[in-house]
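See below for the structure under consideration.
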Amino acid sequence: MQDEINNLPKLAKDKHKENKTFFTKLKKKPPKQLDYIMQELHEKEFERTDCLTCANCCKTTGPLFTDKDVDRIAKHFKMKTQQFIEQFLRVDEDNDYVLQSVPCTFLGADNYCSIYEVRPKACREFPHTDRKKFQQISNITLKNVAICPAAYNIVEAMKERIKL
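Residues in the sequence shown are numbered from 23 upward in steps of one, following our numbering.
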């Protein structure tokens, strides 16, 4: 698994132009059943992918924290919202709350998340390959294929399945 993760940025870079062209065409003319196809590809991939053997998303990137996420997680820690923000978060260039540093503060050595039950929405939905109106998030997906082996595999399966 570690070899696959280490090779992922290069694989994604090699496929970037092809993927970008594919997503441009997909945006212009998405198939009627796209959401169903994506749900199926997503489920099939995650039947064979165990995130706990990877956790590359948690090791290399940080999620955005919505106000609801911040309130929920602060409550989980029995902290005031502002105290949680000061201890764990910073405001990025887009004015969003993000982690002060990566790897994620809440990721254990065993790849388990210490706040899994209350984790941010961005973490719950990652890698976003089963989202409705999938064609609208192609920019995110292009980034995620370099981070997440499952996202990479889903995009490759998608290109096989959907001929544009």
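The beta-carbon is built from N, C-alpha and C at its ideal position, and this holds for glycine as well.
In the DSSP assignment, R146 falls within the alpha helix (DSSP H) that extends over 143–147. The shortest CA-to-CA distance from H150 to any of E139, C135, V167, S136 is the one to V167.
Judged by pairs of C-beta atoms under 8 Å, the stretch 132–141 touches the stretch 59–77, as three or more such pairs exist. The residue from N29, M23, F99, K39 with its alpha-carbon nearest to that of S160 is K39. Here D93 has T103 as same chain residues with Cβ atoms under 6 Å from its own Cβ, once five neighbours each way along the sequence are excluded. Excluding sequence positions up to five before and after V140, its CB lies within less than 7 Å of the CB of R94, I95, H98, all in the same chain and listed in chain order. Taking the C-beta atoms as reference points, L56 is found nearer than 9 Å to Q157. As summarised for the stretch 110–144, there are no continuous alpha helix (DSSP H) elements at least 4 residues long confined to that stretch. Ranked by Cα distance from L186, the first of F128, C73, K54 is K54.
Of the candidates F110, T71, K47, D89, the residue whose Cα lies closest to the Cα of A172 is T71.
Between the C-alpha atoms of F68 and I176 there is a straight-line separation of about 10 Å. Between T82 and V124, the C-beta gap is smaller than 9 Å, which places the two residues in contact. Here DSSP, grouped into helix, strand and coil, assigns L186 to coil.
For P142, same chain residues with a beta-carbon under 6 Å away, outside a window of 5 residues either side, are P85, F87, D91 in chain order.
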